[in-house]
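At the far end of the sequence shown sits residue 389, using the UniProt record's numbering, and the numbering has no gaps.
All C-beta atoms, glycine included, are put in the ideal place defined by N, C-alpha and C.
The structure presented is a predicted model; accordingly, all values stated were derived computationally and were not measured.
A short worksheet on the structure shown next.
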Amino acid sequence: MENKHNPTSHTSHTWSELPLDLLNLVFERLSFANIRRAKSVCSSWYSASIQVVPKKHIHWLICFPRDNNNNSCTLLNPEEKDKVYKTQDFGEEFTKSVCRATHGSWLLMGDRWCDLYIVNLFTHDWISLPPADLLWKDYALRHASQRTISTYRVRYKPYVGRNIRDPVFWIDEKTKDYVVLWGLMDWCVFYCKKGDTCWNQIPKTSDCFHMVYKDHKLYFLNKTGSFKIFDFCGDIPQQTFEWSVKVERSQFGPPPPSNPWKVIATKLVVTVTGKVLKVEEMRGARPRTWSFRVFEVYSSEFLKKKERLMNSLGDESMLLDQGITVLANDTGGFIRNTIYFSASHGNNTNDIYIFNLETQKTEPLHTLDSYSSSVQFYGAQWFVPSFKH
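Structure (structure tokens):
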């Protein structure tokens with residue numbers, strides 16, 4: 001007797017029973033929008049999607065709403081030309097806040113009253129942080145007279161958020177463990193971990209100038225050039241390194257005739273291999289002209305030596321505002337040996353620039369040219385989206 005195929009047979013296979021290896025190949029090739037759709041196909045596809053490890057971490061741009069009538073953000077993927085994504089409505093509180101830092105798909109937000117919180121771009125998970133306004137009373141008691149305290153309460157308290165210096169943070173996508181750090185004026189650096197109900201001080205971190213947090217380490221630089229590294233692997237941060245770094249104070253007004261450049265910012269950057277760089281951003285006398293000097297100040301082979309001028313980043317690109325470098329051949333659209341940075345120019349929309357260390361030339365980020373007619377680039381920042389949710 002001839003065997004006929006039975007469509008209801010238990011040996012048949014459906015699209016929901018595809019092997020995991022095959023699903024991995026599918027998810028790795030999908031665009032952002034399509035991978036979001038694929039997650040909703042069935043439970044097996046969703047389970048497979050959160051196990052996929054992307055071959056490369058693609059940096060996207062997030063652009064924030066310009067006015068209070070718009071509570072969503074615009075997301076741009078440089079690898080997907082002419083495609084624009086919109087987030088869901090984050091609510092009125094989000095519109096009144098400013099993004100202070102990014103990590104993965106998470107944003108550290110804060111308002112002018114010093115209220116800080118962490119929010120996920122895609123899941124809308126919201127983590128409130130301990131109030132920081134009480135720290136200002138302690139600061140006033142330590143550094144001012146009672147008369148100044150009264151003046152502060154009336155005149156300065158509404159603007160304390162402006163004096164939060166260089167906030168940085170890290171969060172685990174799965175466990176939601178996190179650490180948030182920021183400097184309070186000339187006092188010290190405060191930090192908060194998951195489960196904390198108040199902010200904790202890090203001793204001997206006065207006059208915070210710039211900070212970077214990466215791989216459970218805090219890289220700290222103060223105004224006088226004290227460079228320190230703190231390890232956050234334990235319950236309490238431990239200082240593991242200290243050295244002196246030359247810091248050029250920011251110069252105001254036009255540059256002197258003897259030197260066409262003036263230093264406007266000094267920042268730390270941690271490379272892919274763990275080297276620490278000091279980057280001096282300089283502005284010329286003509287509008288929209290920049291230059292940069294890059295120095296190596298720390299590495300495992302370069303301990304407590306005179307800082308070394310670097311003329312090349314090799315195969316890496318620098319995201320100056322995030323304080324990191326990325327592999328140019330492992331990310332979407334980045335040019336090797338190039339510094340990516342932002343510059344605020346009032347209402348100008350295109351404020352992302354690139355500086356090539358080899359040619360010493362600055363130009364706007366042309367990757368965004370195709371979006372210029374439909375997207376207003378207000379407060380754009382780089383971030384790495386996570387698809388594991």
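Next item on the list: Report the rounded CA-to-CA distance for G274 versus E363, giving the unit in angstroms.
Entry: 28 Å
Next item on the list: Could you spell out where the alpha helix (DSSP H) holding F94 opens and where it closes?
Entry: 92 to 95
Next item on the list: Give me the Cα-Cα distance between P131 and E242, rounded to the nearest whole angstrom.
Entry: 31 Å
Margin query: Counting C-beta neighbours from all protein chains within 10 Å, is the total for D195 16 or more, i.e. buried, or is it exposed?
Written below: The sequence shown places Gly at residue 195, rather than the Asp named in the question. Under this definition G195 is an exposed residue.
Note to self: For a cutoff of 8 Å on Cβ pairs, would you count Y340 as touching chain D?
What the structure shows: In the structure shown, chain D cannot be found, because there is only a single protein chain.
Notebook entry, point to check: On the three-state DSSP scale, how would you describe S206?
Noted result: coil
Check: How about V270 and I229: are their beta carbons less than 8 Å apart?
Finding: no
Next item on the list: Kindly indicate which residue of N337, S206, S342 has the alpha-carbon position closest to the one of L357.
Entry: N337
Notebook entry, point to check: Under the three-state reduction of DSSP, which class applies to E307: helix, strand or coil?
Noted result: coil
Notebook entry, point to check: Between which two residues does the beta strand (DSSP E) containing N337 stretch?
Noted result: Per DSSP, N337 belongs to no beta strand (DSSP E) and is neither H nor E.
Item checked: Per-residue DSSP class, three states only, for Q322 -> helix
Item checked: Among C198, D172, K204, the one whose alpha carbon lies nearest that of K214 -> D172
Item checked: Residue closest to V384, alpha-carbon to alpha-carbon, out of L61, E17, S40 -> L61
Next item on the list: Could you say if the region 292 to 301 and the region 172 to 190 meet the contact criterion of at least three C-beta pairs nearer than 8 Å?
Entry: no
Note to self: Tell me the rounded alpha-carbon separation between C42 and F27.
What the structure shows: 14 Å
Note to self: Runs of 3 residues minimum, wholly inside the region 258 to 309: which ones carry the beta strand (DSSP E) assignment?
What the structure shows: 261 to 270, 276 to 284, 290 to 298
Checklist line | Whether K267 touches V279 by CB criterion (8 Å) | finding: yes
Notebook entry, point to check: Secondary structure at V245, three-state DSSP: helix, strand or coil?
Noted result: coil
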